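Just so we're aligned: the sequence shown equals residues 29 to 168 in the working numbering.
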Amino acid sequence: MSSEAQRVLVIQDASREISSSAVNWAIDALSLRPGDELTLLGVLHQVNIPIGCNSSVAANPKLHAKQKTTQEDVEGRENEYQDSAEISPISELCEAKRIVFHRQVVQASSPKLAAVEAAEKLKATWVILDRFGKDHDLIC
């Protein structure tokens with residue numbers, strides 16, 4: 029078995045409740061050890077507005093409010109991913125096992141692309157799609 033650190037990426041649909049089951053599974057089933065990295069990535073689906081519609085966004089208070097709400101949603105979800113009741117025990121477990129634990133929320137028009145980019149950036153040895161891939165056509 030290689031002594032190289034494992035890099036595990038768990039991807040969730042951030043528009044749903046945070047679930048610790050896939051993260052706990054990764055810690056146990058993959059036998060994560062001190063120095064391994066575990067990243068929980070929440071992906072929020074972004075609705076893109078076509079280029080020709082930018083002036084109508086400024087003119088339409090509902091569209092402008094939706095755009096602002098989306099950014100507020102991302103910030104709110106980021107806060108939840110940092111210190112929710114679901115995440116706190118995982119964070120404590122990782123700290124006790126000396127596993128590096130990262131949490132991140134991204135907004136993407138293509139959840140599939142966001143998953144691939146995150147896996148490549150992290151150089152993940154494992155990618156786990158928790159309650160996400162089937163809904164977003166990510167299962168290969």
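Using N, Cα and C, we set each Cβ at its ideal position, and we do this for glycine too.
Remember, predicted model here, so these are calculated numbers, not experimental data.
With A124 as the anchor, note down where its alpha helix (DSSP H) starts and where it stops. Counted as a single uninterrupted DSSP element, the alpha helix (DSSP H) harbouring A124 occupies residues I115 to K125.
Could you tell me the distance, in whole angstroms, from the CA atom of L60 to the CA atom of S43? In this structure, the CA atom of L60 is about 28 Å from the CA atom of S43.
Considering A136, what are the terminal residues of the beta strand (DSSP E) in which it resides? For A136, the enclosing beta strand (DSSP E) begins and ends at V128 to A136.
Report the rounded CA-to-CA distance for L68 versus A50, giving the unit in angstroms. About 10 Å.
Per DSSP, E65 forms a beta bridge with which residues? Beta-bridge analysis with DSSP links E65 to R35 and V128.
I46 - containing alpha helix (DSSP H), residue span: Neither: I46 is in no alpha helix (DSSP H) and is coded neither H nor E.
Is L157 helix, strand or coil when you go by DSSP? Of the three classes helix, strand and coil, the one that applies to L157 here is strand, per DSSP.
For E106, which residues in the same chain have their Cβ closer than 7 Å to its Cβ, ignoring the five residues on either side in sequence? V133.
Extent of the continuous alpha helix (DSSP H) to which K140 belongs: Per DSSP, K140 belongs to the alpha helix (DSSP H) from P139 to L150.
Tell me the rounded alpha-carbon separation between R126 and G63. Looking at the two C-alpha atoms, the distance is approximately 6 Å.
Taking A33 as the reference, give the member of Q110, L157 and V128 with the closest Cα. Minimum Cα distance to A33 is reached at V128.
For T98 and Q135, believed in contact at Cβ under 8 Å, the rounded distance: 7 Å between Cβ atoms; contact.
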